[in-house]
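Taking the numbering used here, the leading residue of the sequence shown gets 28, the next gets one more, and so forth.
Everything on this sheet refers to the single structure shown next.
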Amino acid sequence: MLFSKALIPTLKETPADAEVASHQLMLRAGMIRKLAAGIYSYLPLAQRVLQKLKIIIREEMNSIDGQEITLPAVQPSEIWEKSGRWNIYGKELLRFKDRNNRNFCLGPTHEEVITDLIRREVKSYRELPLTLYQIQTKFRDEIRPRFGIMRAREFVMKDAYSFDRDEAGAEESYHKMYQAYTNIFERCGLEFRAVEADTGSIGGSFSHEFMVLADSGEDVVVYCEGCGYAANLEKAEVKPPVGLLENESLKNLEKVHTPEQKTVDEVTNFLGITPDNLIKTLIFDTDKGPIAVLVRGDHEINEIKLKNLLGCEYLLLADDDTVEKVTGAPRGFAGPLDLNIPVYADNILKGATNMVTGGNGKDVHYKNVNEPRDFKTTRFADLRTAEEGDPCARCGKPLHMRRGIEVGHIFKLGTKYSKSLHATYLDQAGKESLIVMGCYGIGVGRTVAAAVEQHHDKDGIIFPKALTPYQVLMLPININDEILRKAAFQMYDKLSQAGIEVLFDDRDERPGIKFKDADLIGIPIRITIGSRNFERGKVEVKYRESGKMELIDSEKTVKYIKGFFNKKI
Ligand code: ATP
Ligand code: MG
Numbered sequence: 028m029l030f031s032k033a034l035i036p037t038l039k040e041t042p043a044d045a046e047v048a049s050h051q052l053m054l055r056a057g058m059i060r061k062l063a064a065g066i067y068s069y070l071p072l073a074q075r076v077l078q079k080l081k082i083i084i085r086e087e088m089n090s091i092d093g094q095e096i097t098l099p100a101v102q103p104s105e106i107w108e109k110s111g112r113w114n115i116y117g118k119e120l121l122r123f124k125d126r127n128n129r130n131f132c133l134g135p136t137h138e139e140v141i142t143d144l145i146r147r148e149v150k151s152y153r154e155l156p157l158t159l160y161q162i163q164t165k166f167r168d169e170i171r172p173r174f175g176i177m178r179a180r181e182f183v184m185k186d187a188y189s190f191d192r193d194e195a196g197a198e199e200s201y202h203k204m205y206q207a208y209t210n211i212f213e214r215c216g217l218e219f220r221a222v223e224a225d226t227g228s229i230g231g232s233f234s235h236e237f238m239v240l241a242d243s244g245e246d247v248v249v250y251c252e253g254c255g256y257a258a259n260l261e262k263a264e265v266k267p268p269v270g271l272l273e274n275e276s277l278k279n280l281e282k283v284h285t286p287e288q289k290t291v292d293e294v295t296n297f298l299g300i301t302p303d304n305l306i307k308t309l310i311f312d313t314d315k316g317p318i319a320v321l322v323r324g325d326h327e328i329n330e331i332k333l334k335n336l337l338g339c340e341y342l343l344l345a346d347d348d349t350v351e352k353v354t355g356a357p358r359g360f361a362g363p364l365d366l367n368i369p370v371y372a373d374n375i376l377k378g379a380t381n382m383v384t385g386g387n388g389k390d391v392h393y394k395n396v397n398e399p400r401d402f403k404t405t406r407f408a409d410l411r412t413a414e415e416g417d418p419c420a421r422c423g424k425p426l427h428m429r430r431g432i433e434v435g436h437i438f439k440l441g442t443k444y445s446k447s448l449h450a451t452y453l454d455q456a457g458k459e460s461l462i463v464m465g466c467y468g469i470g471v472g473r474t475v476a477a478a479v480e481q482h483h484d485k486d487g488i489i490f491p492k493a494l495t496p497y498q499v500l501m502l503p504i505n506i507n508d509e510i511l512r513k514a515a516f517q518m519y520d521k522l523s524q525a526g527i528e529v530l531f532d533d534r535d536e537r538p539g540i541k542f543k544d545a546d547l548i549g550i551p552i553r554i555t556i557g558s559r560n561f562e563r564g565k566v567e568v569k570y571r572e573s574g575k576m577e578l579i580d581s582e583k584t585v586k587y588i589k590g591f592f593n594k595k596i
């Protein structure tokens, strides 16, 4: 491609409203442009990168017998009503009416549509298992679209769905998909981890998120180097402590006056203690009534763990009235002593000695509270959010944390949708059974953004080989020098004929500008043709990633480039 003919509108300045590097660089490199909040146009460079990723995805999906389909983006409300999601999906679902006043939505995902299709088309066990996928535009009216195409409202997703006769088959489909995802992100040259994710009511460890590691990621990946355990922060389990933590002798319970001291900071400062000597008591409203939850003052409660433990649909911090009703005190003074509601405590509080808690009265706290001497606990469980250095639940070694970007998510659905949408098949004995499903997503645009987020420097993007829009950027120092111009065009033809993807910067610009754009766009190899070197039969090769430069024989350029791209890393 000739740069002079390409639509690559690079920008010198960093756009003010772009917060993260990938968003800034994709705008500056002329890859994307915003049309409205969270809605983007993909320009030629982005299109080429997306295309490369889609090819990798298709190859891996096809290799596990996935069949590509295209489902409608506009979906009628009836199937969403059947699955129960028309009401619970909330404002992320963009709804509208057609001219006949019928309700529709723009598809944010396709479980309903595909289950409805399979319900009609699959009748017998002989037609199962089946895996179908599509690469298609989704719409989610995200509350805070941000980071460019990383969290957009309109975005491209690869979504796949598996249909099996039974649980064992569904697990096999899941594992195949896990391996295909691993291959995809490895082939993209990304540093990533597959982490266990929360499965909510379905349970088990049949959900993994694929996280690209990057400091700007919105998610936190918790991992153990000892045993390889990895989970997202919502799910990461902490090993319960063994035996009593402290050997202090139990002191006598003491009521203290704590006027207006409500928060952990206020109470600990007032009493001259540290937060690990305090028990934080939180009152929650649930569909099973109010409950109290205890965590140590320096820990954070993990509501997902709590919700899973209780098996409840609804869980929310109680309002002031409820707090007052169940504790007899305004917010800020709750404690576990003499409470008449179920009390759930984090494992670390088992046998805790001489702690401070709220006193269930205005301006009252207790000192020297001891478990189990002074209060009853309904149940101990792992209820806090893991922290750096906490012991791994599997092997006890310290947990570590890194930030990540969720690029893929695989999920064993079971019969959730086949039940509500009546997708059944006749088994060998002629009995009607529910189809067991899995669903699997990759954010195609988000993966490209994550690749830029992980691979860039102060000058611009550093494309991984597999995703780069072009393999080589060719840059003659002076396009007006006739000899050089001719030589450059000859080399361009030669490389192109050899099947190498070349972006040829034939613009009549100063070399400084061209070099800057080359670094910004981030093509792995830059070949500079200057008259002095060229007279000696040499061209200069610069590697974008290492910045290393060398002179090579211009005759050997094709071989050289091919060698570079054939090497895996
Ligand atoms: P998130 O927690 O980031 O909102 P999600 O759990 O809603 O993601 P899924 O429903 O599992 O996402 O969608 C599958 C994949 O689609 C995600 O792993 C992600 O890569 C991508 N994705 C989801 N929402 C967006 C978005 N708003 N913009 C771009 N990609 C997205
Ligand atoms: Mg989401």
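Built from N, CA and C at the ideal position, the CB exists for glycine as well.
N- and C-terminal bounds of the beta strand (DSSP E) containing residue i
i       : result
Leu-62  : 59-63
Gly-93  : 93-95
Leu-426 : 426-441
Phe-190 : 181-191
Thr-164 : 157-166
Lys-282 : 281-284
Glu-577 : 576-580
Arg-214 : First-last for Arg-214: 194-214, but that is the alpha helix (DSSP H), not the beta strand (DSSP E).
Leu-502 : 499-503
Gly-385 : 382-385
Ile-310 : 306-313
Asn-296 : It is not in any beta strand (DSSP E) - Asn-296 instead sits in the alpha helix (DSSP H) that spans 291-298.
Ile-540 : Here Ile-540 belongs to no beta strand (DSSP E); instead the alpha helix (DSSP H) covers 538-548.
Val-140 : Segment 138-148 is the alpha helix (DSSP H) holding Val-140; no beta strand (DSSP E) there.
Ser-558 : First-last for Ser-558: 558-562, but that is the alpha helix (DSSP H), not the beta strand (DSSP E).
Ile-318 : 318-323
Phe-131 : 130-133
Sequence-distant residues of its chain with Cβ nearer than 8 Å to residue i (five each side left out)
i       : result
Asp-246 : Glu-236, Met-238, Asn-259, Leu-260, Arg-430, Gly-431, Ile-432 and Glu-433
Asp-347 : Pro-357 and Arg-358
Leu-364 : Thr-384, Gly-386, Asn-387, Tyr-393, Val-396, Asp-401 and Phe-402
Leu-62  : Ser-68
7 Å CB neighbourhood of residue i in its chain, flanking five on each side removed
i       : result
Val-222 : His-235, Glu-236, Met-238, Val-248, Ala-257, Ala-258 and Asn-259
Lys-282 : Gly-386, Val-391 and Tyr-393
Arg-55  : Thr-37, Leu-38, Thr-41 and Leu-547
Leu-70  : Leu-34, Gly-57, Met-58, Ile-59 and Arg-60
Pro-286 : Asp-390
Lys-565 : Leu-578, Ile-579, Asp-580 and Ser-581
Thr-308 : Ala-319, Leu-321, Ala-361, Gly-362, Pro-363, Thr-384 and Gly-385
Glu-169 : Gly-65, Glu-119, Arg-178 and Arg-180
Leu-344 : Leu-309 and Phe-311
Chain-order list of residues whose beta-carbon lies under 6 Å from that of residue i (same chain, five-residue window excluded)
i       : result
Val-183 : Thr-164, Val-471 and Gly-472
Ala-241 : Ile-432, Glu-480 and Gln-481
Arg-559 : none
Leu-426 : Val-249, Cys-251, Ala-413, Asp-417 and Cys-419
Gln-94  : Leu-159
Tyr-208 : Phe-237 and Gly-435
Arg-214 : Ile-83 and Ala-493
Glu-218 : Leu-240
Val-370 : Ala-319, Pro-363, Thr-404 and Thr-405
Glu-528 : Tyr-497 and Gln-498
Ile-106 : Glu-139 and Asp-143
Check: residue i C-beta below 7 Å from any heavy atom of the ligand ATP
i       : result
Met-177 : yes
Phe-182 : yes
Gly-472 : yes
Ile-469 : yes
Thr-354 : no
Arg-171 : no
His-235 : no
Gly-435 : yes
Arg-167 : yes
Thr-136 : yes
Alpha helix (DSSP H) segment containing residue i, residue limits
i       : result
Tyr-587 : 584-593
Asn-599 : Since the displayed the chain opens at 28 and closes at 596, residue 599 lies outside it and no answer follows.
Ser-523 : 509-524
Val-471 : 471-481
Leu-337 : 330-337
Could you tell me whether the stretch 113-123 touches the stretch 411-424, using the rule of 3 or more Cβ pairs below 8 Å?
-> no
Which runs of the alpha helix (DSSP H) fall wholly inside the stretch 340-370 and span at least 4 residues, in chain order?
-> 347-354
Would you mind listing the alpha helix (DSSP H) stretches within the stretch 40-128 that are 4+ residues and don't spill past its ends, in chain order?
-> 48-55, 71-90, 104-110 and 112-115
Is the stretch 145-157 in contact with the stretch 455-469, if contact means three or more CB pairs nearer than 8 Å?
-> yes
Flag this pair as touching only if the stretch 189-208 and the stretch 172-179 have three or more C-beta atom pairs under 8 Å; answer yes or no.
-> no
Taking 8 Å as the threshold, find out whether the stretch 449-463 comes into contact with the stretch 295-304 through three or more Cβ pairs.
-> no
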